[in-house]
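Step one of this worksheet: look at the structure below.
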Amino acid sequence: MNPAKNESRIIVDLVKVSKTYHPDIHAVSDVSLSVNRGEILFLTGRSGAGKTTILHLLNRIESPDKGVVEVAGQDLGKLSQGKMQKLRRSIGVAYQDFKLLSNRSVAQNIAIAMEVTYTRPATIRARTRDILQRLGLEDKYHTPTSELSRGEQQRVTIARAVAGQPQLILTDEPTGNLDHETTVLVMDLLNHCNKKGATIIIATHDESIYRQTDHRVIELRAGRIVNGDPVPDDTRRHDPATTEETDNADT
Amino acid sequence: MMNFISAVFSHTFRNIIRTWSSQLLTVLTIILSVLIFSFFYLLYTNVLHVSRLLDNNLRLIVYLNDEPGKAMQEEYRDKILKFDSVEKIEFVSRKEAFKRFAKQLKENRDVLKDMPTDFLPPSIEIYPLHSLDAMTRIKRFSDYLETLPGVLKVQYGREWVARFYSFVKLLRIVVVLSGVLLLLTTTFVVGHTIRLTLLSRQRELELLRLVGASNNYIRMPFFLEGALQGLAGSAGGIAALYLLFNWISLRFAISSTSFLPQFTFFSMPVIVAIIAVTTLLCGSGSFSSTKKSLRL
Numbered sequence: 007m008n009p010a011k012n013e014s015r016i017i018v019d020l021v022k023v024s025k026t027y028h029p030d031i032h033a034v035s036d037v038s039l040s041v042n043r044g045e046i047l048f049l050t051g052r053s054g055a056g057k058t059t060i061l062h063l064l065n066r067i068e069s070p071d072k073g074v075v076e077v078a079g080q081d082l083g084k085l086s087q088g089k090m091q092k093l094r095r096s097i098g099v100a101y102q103d104f105k106l107l108s109n110r111s112v113a114q115n116i117a118i119a120m121e122v123t124y125t126r127p128a129t130i131r132a133r134t135r136d137i138l139q140r141l142g143l144e145d146k147y148h149t150p151t152s153e154l155s156r157g158e159q160q161r162v163t164i165a166r167a168v169a170g171q172p173q174l175i176l177t178d179e180p181t182g183n184l185d186h187e188t189t190v191l192v193m194d195l196l197n198h199c200n201k202k203g204a205t206i207i208i209a210t211h212d213e214s215i216y217r218q219t220d221h222r223v224i225e226l227r228a229g230r231i232v233n234g235d236p237v238p239d240d241t242r243r244h245d246p247a248t249t250e251e252t253d254n255a256d257t
Numbered sequence: 008m009m010n011f012i013s014a015v016f017s018h019t020f021r022n023i024i025r026t027w028s029s030q031l032l033t034v035l036t037i038i039l040s041v042l043i044f045s046f047f048y049l050l051y052t053n054v055l056h057v058s059r060l061l062d063n064n065l066r067l068i069v070y071l072n073d074e075p076g077k078a079m080q081e082e083y084r085d086k087i088l089k090f091d092s093v094e095k096i097e098f099v100s101r102k103e104a105f106k107r108f109a110k111q112l113k114e115n116r117d118v119l120k121d122m123p124t125d126f127l128p129p130s131i132e133i134y135p136l137h138s139l140d141a142m143t144r145i146k147r148f149s150d151y152l153e154t155l156p157g158v159l160k161v162q163y164g165r166e167w168v169a170r171f172y173s174f175v176k177l178l179r180i181v182v183v184l185s186g187v188l189l190l191l192t193t194t195f196v197v198g199h200t201i202r203l204t205l206l207s208r209q210r211e212l213e214l215l216r217l218v219g220a221s222n223n224y225i226r227m228p229f230f231l232e233g234a235l236q237g238l239a240g241s242a243g244g245i246a247a248l249y250l251l252f253n254w255i256s257l258r259f260a261i262s263s264t265s266f267l268p269q270f271t272f273f274s275m276p277v278i279v280a281i282i283a284v285t286t287l288l289c290g291s292g293s294f295s296s297t298k299k300s301l302r303l
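Chains as they are written, first to last, in our numbering: chain V, 7 to 257; chain L, 8 to 303.
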């Protein structure tokens with residue numbers, strides 16, 4: 007095996023990472039975890055298991071007390087502000103607090119993720135409409151997000167996370183406020199993004215979305231990995247080119 | 008690049024529309040400051056203009072004991088020019104002085120009928136340069152001329168000149184002070200407005216950071232916003248001054264006589280300079296405020 011090639015496959019690499027919150031809450035303890043490009047990874051566990059903290063560490067919203075966090079081959083601890091900003095443009099995030107602008111429309115909220123990459127307005131509009139249709143929100147294009155239900159707001163957050171076509175998507179409890187039907191829509195959208203090449207990390211305690219999956223599932227408890235393989239199995243690695251060919255053949 | 012510019016402009020205009028009331032208040036403050044500054048500056052430039060008109064009639068008259076010959080005249084000329092450059096030096100003989108006096112007396116010239124034509128002293132008329140600097144040196148010039156040999160007396164509108172130029176000096180200070188006021192207003196008020204905007208948009212800024220917006224992407228709309236406030240404020244201030252100027256000119260044209268000098272408004276380069284400097288000040292005020300508040 008070519009080690010260099012193997013290295014380039016890895017998009018997320020956590021090495022002995024620990025994070026403690028004041029006064030003495032060990033959110034993450036000594037976690038080592040690698041994720042291949044094109045993988046879908048489920049981080050599971052109860053509330054307080056450390057799932058959200060790991061997602062925050064991957065976008066440098068939080069910094070680890072110990073260990074190394076690498077995304078796309080770059081050590082986040084050593085990354086300059088400018089480079090971090092650039093990296094964040096290739097990471098789509100949908101956290102539990104949504105971070106939606108209540109006085110803006112659904113379309114404007116989604117557009118923000120694309121505007122920062124200077125995407126053309128026509129492309130932004132087309133992409134927004136497409137994603138909203140996939141999520142069953144096509145009639146909410148102009149609606150202010152303050153007028154949406156929690157479930158709808160959650161879908162808009164996911165729409166914003168995927169709109170910029172990032173290489174890494176981090177979603178925290180993406181189906182937490184959704185019924186079965188909309189959960190399927192959200193998972194279909196995430197799978198669609200994955201087929202297009204995005205690596206997706208889903209933090210969830212909703213067993214229904216990972217129960218019968220053939221993707222890697224890692225269980226956390228009290229900030230430690232207690233179940234699942236922290237190192238990816240290369241046979242399960244997603245190859246966008248191959249998948250797209252298969253998709254086309256299916257069509 | 009085009010996409011960056013269009014994104015920055017659309018952000019800026021969106022924000023201006025969203026916070027129009029505080030924007031309007033800031034623009035009004037800038038209008039007032041520019042109006043105050045440009046009013047005094049206009050007054051100052053017009054007073055300088057008036058002083059130049061008066062300078063044409065302002066001269067130093069050096070009365071002499073004896074009428075100087077050609078060689079002596081040259082000597083006086085050299086000594087005068089040694090102190091300062093002047094506009095013109097004119098020698099007036101006793102006879103010339105008598106003629107002028109008679110002309111001034113008009114119908115009363117008969118009183119000179121029995122007088123000898125050489126009873127008036129000869130003199131040198133010195134016209135200083137038409138500049139404020141030359142005017143401020145006039146007292147020293149007069150003192151110097153009194154030390155020249157054969158000089159009887161030096162005469163000029165000493166008191167009037169002194170008063171006029173201290174008024175000009177005072178006006179200069181007022182212009183500088185109103186300039187400082189403009190500087191403070193633009194940088195502080197615009198900076199303050201931008202800080203308030205930043206506070207009200209904390210959520211959005213947080214989100215922008217989360218999705219990887221660059222520093223320039225965040226900062227440029229604020230800079231543009233400040234610059235636009237400066238542009239609108241300074242243009243408004245100049246327009247208000249122009250209206251005021253026209254109103255005053257119209258009133259003077261009706262009520263005053265023609266001896267008053269013609270007042271003039273700023274030339275186009277001065278107007279452009281005032282607008283450009285205010286715009287730049289407001290832009291930089293907002294830029295530094297953003298830099299401090301966002302710690303970018």
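Think of the CB as a built atom: it goes at the ideal place given N, C-alpha and C, for glycine as much as any other residue.
Is there a Cβ of chain V sitting closer than 8 Å to that of residue i, yes or no?
i: V175 (chain L); result: no
i: E211 (chain L); result: yes
i: V218 (chain L); result: yes
i: F11 (chain L); result: yes
i: Y224 (chain L); result: yes
i: A14 (chain L); result: yes
i: L1 (chain L); result: In this structure chain L extends from 8 to 303, so residue 1 (chain L) is not present and cannot be described.
i: S221 (chain L); result: yes
i: L206 (chain L); result: no
Contact defined as beta carbons within less than 8 Å: I believe residue i pairs with residue j. What is the distance between those atoms, to the nearest angstrom?
i: K25 (chain V); j: D71 (chain V); result: 6 Å
i: N53 (chain L); j: T204 (chain L); result: In fact, because the Cβ distance is near 39 Å, the residues do not count as touching under 8 Å.
i: V77 (chain V); j: I17 (chain V); result: 7 Å
i: L67 (chain L); j: V161 (chain L); result: 6 Å
i: T134 (chain V); j: A113 (chain V); result: 5 Å
i: V34 (chain V); j: T59 (chain V); result: 5 Å
i: T205 (chain V); j: E45 (chain V); result: 6 Å
i: V34 (chain L); j: A239 (chain L); result: 5 Å
Closest to residue i by CA distance: which of the options is it?
i: F44 (chain L); options: L:L189, L:S221, L:S300, L:V158; result: L:L189
i: N109 (chain V); options: L:V69, L:K176, L:R210, L:M275; result: L:R210
i: A104 (chain L); options: L:E94, L:P129, L:R84, L:V118; result: L:P129
i: I87 (chain L); options: L:W27, L:P156, L:L127; result: L:P156
i: V182 (chain L); options: L:H18, L:Q30, L:S28, L:F46; result: L:F46
i: P150 (chain V); options: V:K202, V:V223, V:N115; result: V:N115
i: L127 (chain L); options: L:I201, L:N72, L:S221; result: L:N72
i: A55 (chain V); options: V:I31, V:E213, V:N183, V:L39; result: V:I31
i: Q159 (chain V); options: V:L184, V:D212, V:G170; result: V:L184
i: I304 (chain L); options: L:S29, L:V15, L:H18; result: For residue 304 (chain L) there is no data in the structure shown, the boundaries of chain L being 8 and 303.
i: D36 (chain V); options: V:I231, V:D235, V:V237; result: V:I231
i: V279 (chain L); options: L:R258, L:A242, L:L301; result: L:A242
i: I208 (chain V); options: V:H62, V:Q139, V:H28, V:A117; result: V:H62
Would the beta-carbon of residue i fall within 8 Å of that of residue j?
i: V162 (chain V); j: L174 (chain V); result: no
i: Y48 (chain L); j: V122 (chain V); result: no
i: G51 (chain V); j: E179 (chain V); result: no
i: S293 (chain L); j: F229 (chain L); result: yes
i: T297 (chain L); j: R208 (chain L); result: no
i: R3 (chain V); j: R43 (chain V); result: This structure gives no information on residue 3 (chain V), because the portion of chain V shown stretches from 7 to 257.
i: I96 (chain L); j: R84 (chain L); result: yes
i: F48 (chain V); j: V223 (chain V); result: yes
i: V99 (chain V); j: L39 (chain V); result: no
i: M120 (chain V); j: A167 (chain V); result: no
i: A247 (chain L); j: L42 (chain L); result: yes
In chain A, what lies closer than 9 Å to residue i by C-beta?
i: N22 (chain L); result: Given the protein chain composition of this structure (V and L), no chain A is represented.
Does any CB atom of chain L fall closer than 8 Å to the CB of residue i?
i: V75 (chain V); result: no
i: K22 (chain V); result: no
i: V237 (chain V); result: no
i: N12 (chain V); result: Because N12 (chain V) carries a pLDDT of 47, less than 50, the predicted location of this residue cannot be relied on, and the following value inherits that uncertainty. So, not an interface residue.
i: I16 (chain V); result: no
i: I175 (chain V); result: no
i: K105 (chain V); result: yes
i: K25 (chain V); result: no
i: K202 (chain V); result: no
i: E165 (chain V); result: This sequence places Ala at residue 165 (chain V); Glu is not what is there. So no, A165 (chain V) is outside the interface.
Heavy atom of the ligand FAD less than 7 Å from the Cβ of residue i, yes or no?
i: I231 (chain V); result: The ligand FAD is absent from the structure shown, which contains no ligands of any kind.
Complete runs of the beta strand (DSSP E) confined to the stretch 177-232 of chain L [at least 3 residues]: none
Return the chain-ordered ranges of every alpha helix (DSSP H) run that is complete within the stretch 126-171 of chain V and spans a minimum of 4 residues. 127-140, 156-169
Jot down the residue ranges of each uninterrupted alpha helix (DSSP H) in the stretch 75-136 of chain L, minimum 4 residues, whole runs only, in chain order. 77-90, 101-112
At 4 residues or longer, what runs of the alpha helix (DSSP H) sit wholly inside the stretch 55-82 of chain V? 57-64
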